[in-house]
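J.: Every number in this note's numbering is 10 more than the matching position in the sequence shown, counting from 1.
Let me begin by handing over the structure; questions about it come next.
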Amino acid sequence: MSVQIIVNGERKSIADGATIATVIDELGLQPRYVGVEVNLELIPREQHHDHQLQDGDQLEVVTLVGGG
Numbered sequence: 011m012s013v014q015i016i017v018n019g020e021r022k023s024i025a026d027g028a029t030i031a032t033v034i035d036e037l038g039l040q041p042r043y044v045g046v047e048v049n050l051e052l053i054p055r056e057q058h059h060d061h062q063l064q065d066g067d068q069l070e071v072v073t074l075v076g077g078g
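Below, the structure written as structure tokens:
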């Protein structure tokens, strides 16, 4: 079974019970350099493995970019 979420404005199907960490991995991002809001609430990095996503959740995923 899957649920529908929105990631940075785009609909995405994920497995029921998936966590923020699951989505970060599916996006191919480095967890160390990612900030995530779920429904406008910033979720601390240490909670990404435990925070299960629900149908209709809206995520904003921001990555840090270095350079000069």
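Yeah, the Cβ is synthetic: ideal placement off N, Cα and C, and Gly gets one too.
Owing to the predicted nature of the structure, the values given are computational and were not obtained by experimental measurement.
1. Taking the alpha-carbon positions, what's the I24 to Q62 distance?
2. Could you tell me whether any non-hydrogen atom of the ligand PLP is closer than 7 angstroms to the CB of K22?
3. From the DSSP output, read off the bridge partner residues of T32.
4. Can you tell me whether Q64 is helix, strand or coil according to DSSP?
5. Just list the residues that DSSP pairs V72 with in beta bridges.
T.: For this structure:
1. Sequence index remark: in the sequence shown, residue 24 carries index 14 (1-based). Sequence index remark: in the sequence shown, residue 62 carries index 52 (1-based). Looking at the two C-alpha atoms, the distance is approximately 11 angstroms.
2. By its list of ligands, the structure shown contains no ligand whatsoever, and the ligand PLP lies outside what it can speak to.
3. In the sequence shown, counting from the first residue as 1, residue 32 sits at position 22. Beta-bridge pairing links T32 to no other residue.
4. The residue labelled residue 64 in the question sits at position 54 within the sequence shown. Reduced to three states, the DSSP call for Q64 is coil.
5. Counting from 1 along the sequence shown, the entry for residue 72 is found at position 62. In DSSP, V72 forms a bridge with G45.
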